[in-house]
Amino acid sequence: MESLAVPTLVIYAEHGKSTTEQKNRFVESGRNATRVDLTGVSPDAHLDAFDQWILASTGCIIR
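In full-length UniProt numbering, the protein residues as written are 1 to 63.
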């Protein structure tokens with residue numbers, strides 16, 4: 001992530017495998033990273049919370 005100069009969206013699922021500390025450390029290592037946490041979803045958020053995932057993705061693209 002440190003080598004990416006482009007804006008980067010990082011989407012985490014509430015019930016994913018990463019700890020809060022791991023999430024923070026990963027996002028902070030980016031130059032222009034935006035973090036979105038989807039609540040109440042499994043690690044397969046792109047499948048079981050598709051609408052939330054699309055809203056988060058679209059919001060980042062539109063900015």
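Here a beta-carbon is modelled for each residue, glycine too, at the ideal position from N, C-alpha and C.
Review point. Which two residues bound the contiguous beta strand (DSSP E) that contains D37?
Key: Counting along the chain, the unbroken beta strand (DSSP E) around D37 starts and ends at A33 to L38.
Review point. Where DSSP assigns a beta bridge to T8, which residues make up the other side?
Key: Note: T8 sits in a beta bridge opposite A33.
Point to revise | A49 (DSSP reduced to helix, strand or coil) | key: If DSSP states are grouped into helix, strand and coil, A49 belongs with coil.
**Study point:** Inter-stretch contact at 8 Å, needing at least 3 Cβ pairs: the segment 51-58 / the segment 21-30
**Key:** With the cut-off at 8 Å, the segment 51-58 and the segment 21-30 do not touch.
Check your understanding: Between which two residues does the alpha helix (DSSP H) harbouring K23 extend?
Key -> Taken as a continuous stretch (DSSP letters only), the alpha helix (DSSP H) holding K23 covers T20 to E28.
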